[in-house]
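See structure below.
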Amino acid sequence: MKKQMLAIMCVIFLSMSVSSLQIDKMNGVYDVFKLDKLSNEFEFEDSIELLENLQKTKLYNNSARYSMRNEDRSGASEISFYYMNGREYASVTPPMSTKSFTYRVIENTKFYLEMQNVDNEDDVARIVLDKSSNDFDYNEIYAGLENEQGEDLYYSLHDLISNHKSIGYDNAKVEMFGNVDNDENGDIHCVYTNLVVHSKYPKNEIMNCEHTWPQSKLGNSSFAIKRGDLNHLFPTDSKSNSRRSNYPFGLVENPRWEQDGSKVGTSKTGKTVFEPRDDHKGNVARAMFYMGVRYRMEIDKEQEDAFREWNKLDPVDEKEVNRNGLIEDIQHARNPFIDNPGFVDRIDNF
Numbered sequence: 012m013k014k015q016m017l018a019i020m021c022v023i024f025l026s027m028s029v030s031s032l033q034i035d036k037m038n039g040v041y042d043v044f045k046l047d048k049l050s051n052e053f054e055f056e057d058s059i060e061l062l063e064n065l066q067k068t069k070l071y072n073n074s075a076r077y078s079m080r081n082e083d084r085s086g087a088s089e090i091s092f093y094y095m096n097g098r099e100y101a102s103v104t105p106p107m108s109t110k111s112f113t114y115r116v117i118e119n120t121k122f123y124l125e126m127q128n129v130d131n132e133d134d135v136a137r138i139v140l141d142k143s144s145n146d147f148d149y150n151e152i153y154a155g156l157e158n159e160q161g162e163d164l165y166y167s168l169h170d171l172i173s174n175h176k177s178i179g180y181d182n183a184k185v186e187m188f189g190n191v192d193n194d195e196n197g198d199i200h201c202v203y204t205n206l207v208v209h210s211k212y213p214k215n216e217i218m219n220c221e222h223t224w225p226q227s228k229l230g231n232s233s234f235a236i237k238r239g240d241l242n243h244l245f246p247t248d249s250k251s252n253s254r255r256s257n258y259p260f261g262l263v264e265n266p267r268w269e270q271d272g273s274k275v276g277t278s279k280t281g282k283t284v285f286e287p288r289d290d291h292k293g294n295v296a297r298a299m300f301y302m303g304v305r306y307r308m309e310i311d312k313e314q315e316d317a318f319r320e321w322n323k324l325d326p327v328d329e330k331e332v333n334r335n336g337l338i339e340d341i342q343h344a345r346n347p348f349i350d351n352p353g354f355v356d357r358i359d360n361f
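Position one of the sequence shown corresponds to residue 12 (our numbering), numbered consecutively onward.
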């Protein structure tokens, strides 16, 4: 069943110059997602490569035909993508089979395509361009958004960064400690204090994985995907991680704990908040803006006001840019607020 699903999911090319996908330009690498009916979430299945078959299908003139290979190159499938009665369909022949399966395109957007088996409504797939493996120019996409403001920009960015490749929380921690936040000397630096650990995976009682958007506030929808999203995960020493708890961020006026520039205390409104040190304030702001837009989670006004200030107080540096690139290599999507911090000023309400 999995090979059958993977086969059908390859029928696309994500063209960024039009509002829907083009069936005659599909060569490339894609991420395959399958709808899990229990969680009602699209879960990553596999990566695939599409190769054009110049021999057109005999069934329809207005059609395109492709071969598909799984990431491990375990067999090829034949896919014919065609139009019939004004609708888009795919005829799929899995590996080592003469039987074809028909899928109907139920949603064709600028960034992904969703398909449903005509004989099994529970068999639903979504295909997304692997932006890290193809000739994908984020700057070109951002340039196309230069006239958008407010909700229009918010939802355009949401569509751009949705459907990333989730590797799970345990794997995300391995990548964070051993790759993303491990410097050229093999050291891991806490983002809240001056603690430095030389390790590939430090002991939990020494250093933890900080969820910038607290786990307890992620909600039930897509919880596992949110929990393991590297864009808001950072290494912190266990003590400062515990001090942060699940408090919101803000400016501390009356501190009850301080270390290396980070603080816990009450804000001017009397709310208990956590204030990271200055060199991480912008990183927090851009991670929170990403999480809010990616998962359509609201940010309260007191935090949003602080994040807008921090986005300017602590501008993007080379380390943050490089980190964004490493995460793209793993998750196949970037944080647009790192690429273009000016997006924040063009969205009036997060």
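Even for Gly, the Cβ is constructed at its ideal location relative to N, Cα and C.
Here Asp194 has His200 as same chain residues with Cβ atoms under 8 Å from its own Cβ, once five neighbours each way along the sequence are excluded. No Cβ-Cβ contact shorter than 7 Å links Ala298 with Thr204. Shown here for Ser177: same chain residues with a beta carbon closer than 8 Å to its own, the five before and five after excluded, namely Glu54, Phe55, Ala235, Ile236, Gly239, Asp240, Gln342 in chain order. Contact annotation: Thr104 and Glu89 have beta-carbon atoms nearer than 7 Å. Ranking Leu140, Asp356, Glu216 by CA distance to the CA of Leu61 puts Leu140 first.
The way I'd put it, the stretch 278–296 does touch the stretch 315–332; three or more beta-carbon pairs between them come closer than 8 Å. Per the DSSP secondary-structure output, Ala101 pairs in a beta bridge with Phe92, Tyr114. Beyond the five residues adjoining it in sequence on each side, Leu164 comes within less than 8 Å, by CB distance, of Leu156, Phe354, Arg357, Ile358 in the same chain, given in chain order. Taking a contact as a CB-CB distance under 8 Å, the pair Glu125 and Val135 counts as one, their CB atoms being some 7 Å apart. Here DSSP, grouped into helix, strand and coil, assigns Pro259 to coil.
Each of Ser233, Lys228, Gly189 was checked against the Cα of Pro213, and the nearest Cα belongs to Gly189. Going by C-alpha positions, Glu186 is about 13 Å away from Asn219. Between Ser233 and Asn38, the alpha-carbon positions lie close to 30 Å from each other.
Note: Ile59 is bridge-paired with Tyr41, Asn81 in the DSSP secondary-structure output. Straight through space, the alpha carbons of Asp181 and Gly276 are spaced by roughly 32 Å. When beta bridges are read from the DSSP output, Glu269 appears opposite Lys274. For Asp133, the enclosing beta strand (DSSP E) starts and ends at 131–140.
Cβ neighbours of Tyr149 within its own chain (closer than 7 Å, five residues either side excluded): Arg345, Asp350. Residue pairing by DSSP puts Tyr123 in a beta bridge opposite Val139. Judged by DSSP secondary structure, Met299 falls within the alpha helix (DSSP H) whose first and last residues are 289–305. For the pair Leu49 and Leu171, the Cα-to-Cα distance works out to about 26 Å.
Taking all protein chains in view, the Cβ of Ser278 is crowded by 16 or more other Cβ atoms within 10 Å, so the residue is classified as buried.
Taking a contact to require three or more Cβ pairs closer than 8 Å, the stretch 283–293 and the stretch 262–274 qualify as touching.
If you ignore the 5 residues before and after Asn252, its C-beta comes within less than 7 Å of the C-beta of Asn219, Glu221, all in its own chain and listed in chain order. Taking a 10 Å sphere around the C-beta of Asp325, we find 16 or more other C-beta atoms and assign the residue as buried. Contact annotation, Glu309 with Thr280: C-beta distance approximately 18 Å; criterion of less than 8 Å not satisfied.
Between Gln127 and Ile138, the gap from beta carbon to beta carbon reaches 7 Å or more.
Here DSSP, grouped into helix, strand and coil, assigns Phe361 to coil.
Nearest C-alpha to Val327 among Phe348, Arg307, Glu63: Phe348.
Look at His343 here: in three-state DSSP terms it is coil, with no helix or strand label.
By the criterion of a C-beta distance shorter than 6 Å, Lys184 is surrounded in its chain by Cys220, once the five residues flanking it on both sides are discounted.
CA-to-CA, the gap between Phe300 and Val129 works out to about 39 Å.
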